[in-house]
Each structure stands twice: as structure tokens, then as C-alpha cells.
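The block underneath contains the structure these notes are about, expressed in C-alpha cells.
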Amino acid sequence: MAPTETLFTKIINREIPADIVYEDELCLAFRDINPQAPLHVLLIPKTPIAKLSEISDSDQSLLGHLLRTAPKIAEQQGHANAFRLVVNNGEDAGQTVFHLHLHILAGRNFTWPPG
Ligand code: AMP
Numbered sequence: 032m033a034p035t036e037t038l039f040t041k042i043i044n045r046e047i048p049a050d051i052v053y054e055d056e057l058c059l060a061f062r063d064i065n066p067q068a069p070l071h072v073l074l075i076p077k078t079p080i081a082k083l084s085e086i087s088d089s090d091q092s093l094l095g096h097l098l099r100t101a102p103k104i105a106e107q108q109g110h111a112n113a114f115r116l117v118v119n120n121g122e123d124a125g126q127t128v129f130h131l132h133l134h135i136l137a138g139r140n141f142t143w144p145p146g
């Protein structure tokens with residue numbers, strides 16, 4: 032099933048504005064419009080994968096790249112030592128935009144378990 036285009040595709044294509052903090056050939060990162068921490072960045076692949084549970088074996092290196100890039104962005108934003116990564120997978124887990132994204136959160140203390 033072909034993934035449906037979301038507003039994140041529009042951000043990648045510069046059709047709607049975003050506060051972009053990082054970009055390379057595979058991914059893009061921009062500030063969340065409704066931040067839940069002093070640093071709240073969304074890191075997305077440029078390939079529109081709907082959610083983590085829909086990845087295929089051919090996406091493995093892309094996922095590795097995202098995980099490798101997230102700490103670099105946290106460091107670039109002044110939060111090298113403490114940050115949280117969140118991936119909401121599916122509506123019941125809180126996913127609202129169906130284009131895979133890693134939330135990078137930092138700048139406050141986080142509780143566990145998450146809400
Ligand atoms: P999720 O609920 O995990 O699917 O996360 C989607 C995130 O996208 C939420 O944290 C929203 O605040 C964020 N969001 C929605 N629209 C925009 C936008 N135009 N620019 C930046 N972030 C957005």
C-alpha cells in the first residue's frame with residue numbers, strides 16, 4: 032500500500048513552513064509546533080514511511096541513520112547528555128501524523144513510565 036502524503040511531506044517539499052534545524056539527503060528535522068519540552072524536534076525520513084511497524088528490511092540502514100542522527104541533533108542543540116527519543120506507533124499510542132518521526136525531547140527532567 033502506497034503511503035499517503037502527510038503535512039510532513041509538505042514540510043520536506045517546502046510547501047508549508049517549518050523551523051528546520053537539520054537536513055541531509057535522507058532525513059529532515061524541524062521544531063515541533065506544539066513543544067513538550069524546551070527542545071522538541073521531529074526527525075523524519077524523507078521517504079514517507081507511515082509508521083515504524085511498516086518498515087521493511089530495505090529500510091534498515093535508513094533507520095540506523097535516523098538513530099545515528101538524533102544524538103547529533105541533540106548535541107547541536109546543546110543537549111548532548113540528556114534527551115529522550117519517542118516514536119508513537121499507531122493511533123492508540125498517540126500517533127497523529129502518519130509519516131514516521133522520532134520526537135527528540137530535551138531540556139527538562141522526564142518521568143518514567145511515560146504517560
Ligand atoms: P505524533 O502525535 O507522534 O504523530 O506527533 C506528531 C507531532 O507533529 C505532534 O507533536 C505535533 O505537535 C507535530 N506537528 C503537527 N503539525 C506540525 C507542523 N506543521 N509543524 C511542526 N510540528 C507539527
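Residue numbers (the numbering used here): 32 to 146.
C-beta: ideal position from N, C-alpha, C; glycine also.
None of these values were measured; they are calculated from a predicted model.
Measure the alpha-carbon distance for residue i versus residue j and round it to whole angstroms.
{"i": "N120", "j": "K82", "result": "6 Å"}
{"i": "V128", "j": "H110", "result": "25 Å"}
{"i": "A113", "j": "H130", "result": "26 Å"}
{"i": "R62", "j": "R115", "result": "15 Å"}
{"i": "P145", "j": "Q107", "result": "25 Å"}
{"i": "D55", "j": "G125", "result": "27 Å"}
{"i": "V72", "j": "P102", "result": "12 Å"}
Pick from the options: whose alpha carbon is nearest that of residue i?
{"i": "V117", "options": "Q67, I80, I86, D50", "result": "Q67"}
{"i": "L133", "options": "S89, I80, E36, N112", "result": "I80"}
{"i": "T78", "options": "L97, W143, I64", "result": "L97"}
{"i": "L59", "options": "I135, R139, W143", "result": "I135"}
{"i": "I47", "options": "T37, E85, D123", "result": "T37"}
{"i": "L74", "options": "D88, S87, S89, T40", "result": "T40"}
Assign residue i to buried or exposed, taking buried as 16 or more other Cβ atoms, counted over all protein chains shown, within 10 Å of its Cβ.
{"i": "T100", "result": "buried"}
{"i": "P69", "result": "exposed"}
Could you confirm whether any beta carbon from chain B is found closer than 7 Å to the beta carbon of residue i?
{"i": "V117", "result": "Protein chain content of the structure displayed is limited to a single chain, and chain B is not contained in it."}
Which full runs of the beta strand (DSSP E) of 3+ residues lie inside the region 90 to 115, going along the chain? Qualifying beta strand (DSSP E) stretches: none in this window.
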